Amino acid sequence: MIVDRLPEHLCEDAVALWEDAGLTRPWNDPRADLARALAGPSSTVLAAVEEDGLVGTAMVGHDGHRGWVYYVAVRPSHRGRGLGRALMAACEQWVAGRGIPKMQLMVRTGNAGTRDFYERLGYAVQDTVVLGKFFDPRRQARQSG
């Protein structure tokens, strides 16, 4: 398995993987998220690629103070083989290599399995609440509804 920056020809495969994994939401355009991450110097999308193609992804970036990771997904047929751990290790190396001292991530309420995965990797619940606001009222209404 090779973990490296997502090649352009696998972008649609990445979006399909995210959709299959239930990571997309109607109020977020995964293609726009992907394009922004690949375009910026403070973010990228890492891909786990094997002979049979794309098997995992992780979007990673930083805000100058903290690293963030999103869209961590592994193809169901390849789960349980350490790919998620390998992707997270690559994300941590990417962030640490830019001098950022901490990685953060968000897990949806009720997603205990995913939360357990991250806790096994040493991540802990922080004493914070995440607040958000869309600038487009139509997107805000879709999220609230």
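With the working numbering applied, the sequence shown covers -17 to 127.
The C-beta atom is built at its ideal place from N, Cα and C for all residues, glycine as well.
Owing to the predicted nature of the structure, the values given are computational and were not obtained by experimental measurement.
- As a beta-bridge residue in DSSP terms, alanine 30 pairs with Val(-15), Gly38.
- With distances taken between CA atoms, arginine 102 lies nearest to Met70 out of Met70, Asp(-14), His47.
- The Cβ atoms of leucine -8 and leucine 36 sit closer than 8 Å to each other.
- Going by DSSP, tryptophan 50 is part of the beta strand (DSSP E) stretching over 49 to 56.
- Along the length of the region 85 to 113, whole beta strand (DSSP E) runs at least 3 residues long occupy 85 to 87, reported in chain order.
- In the three-state reduction of the DSSP assignment, glycine 66 falls in the helix class.
- Counting C-beta pairs closer than 8 Å gives three or more between the region 24 to 34 and the region 61 to 75, which meets the contact rule.
- Serine 24 carries a coil assignment under DSSP once its states are collapsed to helix, strand and coil.
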